[in-house]
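J.:
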Amino acid sequence: MKLASLFSGGKDSTYSIFLAKKQGHEIKCLLSIFPKSDESHLLHHPNLHWTYLQSQSMQIPQLTIESEFDETKNEINALEKILIQSIDEYKIEGIVHGGIQSQFQKEKFENLCNKLNLKSIAPLWNRNPIEYMNELLSSNFLFIITSVSSGGLDDSWLGKIITKSDIVNLYNLSQKFGFNLNFEGGEAETFVVNCPLFLHEIKIIQGRKIWDGYRGRFEIVEARPNYNA
Numbered sequence: 004m005k006l007a008s009l010f011s012g013g014k015d016s017t018y019s020i021f022l023a024k025k026q027g028h029e030i031k032c033l034l035s036i037f038p039k040s041d042e043s044h045l046l047h048h049p050n051l052h053w054t055y056l057q058s059q060s061m062q063i064p065q066l067t068i069e070s071e072f073d074e075t076k077n078e079i080n081a082l083e084k085i086l087i088q089s090i091d092e093y094k095i096e097g098i099v100h101g102g103i104q105s106q107f108q109k110e111k112f113e114n115l116c117n118k119l120n121l122k123s124i125a126p127l128w129n130r131n132p133i134e135y136m137n138e139l140l141s142s143n144f145l146f147i148i149t150s151v152s153s154g155g156l157d158d159s160w161l162g163k164i165i166t167k168s169d170i171v172n173l174y175n176l177s178q179k180f181g182f183n184l185n186f187e188g189g190e191a192e193t194f195v196v197n198c199p200l201f202l203h204e205i206k207i208i209q210g211r212k213i214w215d216g217y218r219g220r221f222e223i224v225e226a227r228p229n230y231n232a
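Using the numbering used here, read the sequence shown as starting at 4 and increasing by one per residue.
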């Protein structure tokens with residue numbers, strides 16, 4: 004099936020592309036919507052403007068659009084507009100997204116797909132958190148944490164490439180502080196710097212941590228393809 008990926012540059016949207024391709028689907032384009040607010044319940048915000056490097060590395064064209072207002076309704080309208088564009092330009096038959104447990108997100112996407120006569124595919128839906136996180140690393144996905152907003156997650160995680168031992172630490176913290184290990188509720192956001200889909204890794208040259216004592220983000224200031232890796 005010809006699919007468009009709802010793409011944020013994070014681990015879930017990227018890994019869902021990986022699984023969809025393994026299932027025999029063809030990813031025709033990436034769809035990235037830039038929300039007005041970093042408080043969006045539907046879309047992921049940090050470092051979205053750097054997703055063009057991932058698009059280039061995967062050799063999958065990217066369509067982008069900015070939602071006009073903060074509300075979910077306007078984000079859905081922006082998504083509908085960019086989906087219609089992808090139908091016209093790439094003849095897509097469905098979408099693939101990285102939703103795991105958010106029923107709110109899943110229903111919004113499915114309702115829109117029904118309206119446009121598209122299929123909605125969520126290969127990560129209801130995955131076991133610890134198994135999924137370990138599977139990511141076993142599949143050679145390298146990703147950094149770009150934001151944290153939960154008790155138990157401090158600024159030491161910002162900009163960090165996650166390892167197997169980090170998964171153990173994150174699991175223990177999630178049990179103690181009650182956050183979702185997958186970060187499905189926005190407890191943290193991620194950015195993939197290398198994976199089997201990439202022709203070359205993305206090297207972060209410079210980043211900046213912003214921390215307010217409870218939550219923070221890692222802003223990528225400069226990044227480029229690393230063709231020598």
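No residue lacks a Cβ here, since even glycine has one placed at the ideal position from N, Cα and C.
Leu-46 to Gln-106, Cα distance in whole Å?
T.: For the purposes of this step, residue 46 is identified with residue 43 of the sequence shown, where counting begins at 1. For the purposes of this step, residue 106 is identified with residue 103 of the sequence shown, where counting begins at 1. Any reading at Leu-46 needs caution, since the residue's pLDDT is 41, under 50, leaving its predicted position unreliable; the model's value is listed next. Taking the straight line joining both Cα atoms gives about 14 angstroms.
J.: Work out the CA separation of Asp-157 and Asn-114 for me, nearest whole Å.
T.: Sequence index remark: in the sequence shown, residue 114 carries index 111 (1-based). Sequence index remark: in the sequence shown, residue 157 carries index 154 (1-based). Rounded to whole angstroms, Asn-114 to Asp-157 spans 37 angstroms at the Cα level.
J.: Ala-226 and Lys-212: beta carbons closer than 8 angstroms?
T.: In the sequence shown, the residue the question calls residue 226 occupies position 223. In the sequence shown, the residue the question calls residue 212 occupies position 209. No, the pair does not count as a contact, with Cβ atoms beyond the cut-off.
J.: What do you get for Leu-51, buried or exposed, if any count of 16 or more other CB atoms within 10 angstroms of its CB means buried?
T.: Here residue 51 refers to the residue found at position 48 when the sequence shown is read from its first residue. Leu-51 is buried by the Cβ-count criterion.
J.: How many whole angstroms separate the CB atoms of Ile-170 and Met-136, which I take to be in contact at a CB cut-off of 8 angstroms?
T.: Position 167 of the sequence shown, counted from the start, is the residue given in the question as residue 170. Position 133 of the sequence shown, counted from the start, is the residue given in the question as residue 136. Their Cβ separation, rounded to whole angstroms, is 5 angstroms, which keeps Ile-170 and Met-136 in contact under 8 angstroms.
J.: Mind pulling the alpha helix (DSSP H) runs of 4 or more residues that sit fully within the stretch 44 to 131?
T.: Listed in chain order, they are 54 to 61, 75 to 93, 106 to 119.
J.: Using CA coordinates, which residue listed in Lys-84, Pro-199, Gln-59 is at the minimum distance from Ile-68?
T.: Taking the sequence shown and counting its residues from 1, the one referred to as residue 68 is at position 65. It is Lys-84 whose Cα lies nearest to the Cα of Ile-68.
J.: Using a threshold of 8 angstroms, state whether the C-beta atoms of Phe-194 and Thr-149 are closer than that.
T.: The residue labelled residue 194 in the question sits at position 191 within the sequence shown. The residue labelled residue 149 in the question sits at position 146 within the sequence shown. Their beta carbons are under 8 angstroms apart, which means Phe-194 touches Thr-149 by this criterion.
J.: Per DSSP, which one or two residues make a beta bridge with Phe-146?
T.: In the sequence shown, the residue the question calls residue 146 occupies position 143. DSSP output for Phe-146 lists Val-195 as bridge partner(s).
J.: My understanding is that Ile-147 touches Ile-164, with C-beta atoms under 8 angstroms, so please give their C-beta distance in whole angstroms.
T.: To locate residue 147, count along the sequence shown from 1; it is residue 144. To locate residue 164, count along the sequence shown from 1; it is residue 161. Right, their Cβ atoms sit about 5 angstroms apart.
J.: Would you call the stretch 166 to 181 and the stretch 14 to 23 touching, i.e. three or more CB-CB distances under 8 angstroms?
T.: As far as the Cβ criterion goes, the stretch 166 to 181 does not touch the stretch 14 to 23, which means the pair count is below three.
J.: Can you list, in chain order, the residues of its chain whose CB lies under 6 angstroms from that of Gly-101, leaving out five sequence neighbours each side?
T.: Sequence index remark: in the sequence shown, residue 101 carries index 98 (1-based). Within the same chain, Gly-101 has close Cβ partners Asp-15, Ser-16, Ser-19, Leu-127.
J.: In whole angstroms, what separates the C-alpha of Asp-215 from that of Ser-70?
T.: One-based indexing of the sequence shown puts residue 215 at position 212. One-based indexing of the sequence shown puts residue 70 at position 67. Distance between the alpha carbons of Asp-215 and Ser-70: 27 angstroms.
J.: How many angstroms separate the CA atom of Glu-78 from the CA atom of Lys-179?
T.: For the purposes of this step, residue 78 is taken as the residue at position 75 of the sequence shown. For the purposes of this step, residue 179 is taken as the residue at position 176 of the sequence shown. Distance between the alpha carbons of Glu-78 and Lys-179 is about 34 angstroms.
J.: Classify Ser-11 as helix, strand or coil using the three-state DSSP reduction.
T.: Residue mapping note: residue 11 aligns to position 8 of the sequence shown, counting from 1. Reduced to three states, the DSSP call for Ser-11 is coil.
J.: Span of the alpha helix (DSSP H) holding Ile-170?
T.: Here residue 170 refers to the residue found at position 167 when the sequence shown is read from its first residue. Unbroken alpha helix (DSSP H) run through Ile-170: 167 to 180.
J.: Could you compute how far the alpha carbon of Phe-10 sits from the alpha carbon of Gly-181?
T.: For the purposes of this step, residue 10 is taken as residue 7 along the sequence shown, with counting starting at 1. For the purposes of this step, residue 181 is taken as residue 178 along the sequence shown, with counting starting at 1. Phe-10 and Gly-181: Cα-Cα distance of roughly 27 angstroms.
J.: Over what stretch of residues does the beta strand (DSSP E) that includes Trp-214 continue unbroken?
T.: Along the sequence shown, read from residue 1 onward, the residue named residue 214 stands at position 211. Residues 204 to 214.
J.: Hey, could you find the ends of the beta strand (DSSP E) Gly-189 is sitting in?
T.: Translated into positions along the sequence shown, residue 189 becomes position 186. Gly-189 -> no beta strand (DSSP E), and no H or E assigned at all.
J.: Identify the continuous beta strand (DSSP E) that holds Leu-1 and give its terminal residues.
T.: In this structure the chain extends from 4 to 232, so residue 1 is not present and cannot be described.
J.: Going by C-alpha distance, which of Pro-228, Phe-201, Lys-5 is nearest Glu-96?
T.: Sequence index remark: in the sequence shown, residue 96 carries index 93 (1-based). Ranking the options by Cα distance to Glu-96, first place goes to Lys-5.
J.: Could you give the distance in angstroms between the alpha-carbon of Ser-43 and the alpha-carbon of His-203?
T.: Along the sequence shown, read from residue 1 onward, the residue named residue 43 stands at position 40. Along the sequence shown, read from residue 1 onward, the residue named residue 203 stands at position 200. Residue confidence is low: Ser-43 scores 44 on pLDDT, short of 50, so the model does not pin down where it sits. No coordinate-derived value is stated.
J.: CA-CA distance, Glu-92 and Asn-183?
T.: One-based indexing of the sequence shown puts residue 92 at position 89. One-based indexing of the sequence shown puts residue 183 at position 180. If I take the Cα positions, the gap works out to 37 angstroms.
J.: Run the CB neighbour count on Thr-54, radius 10 Å, all protein chains shown included, and call it buried at 16 or more, exposed below.
T.: The residue given as residue 54 occupies position 51 in the sequence shown. The residue is buried, with at least 16 neighbouring Cβ atoms inside 10 Å.
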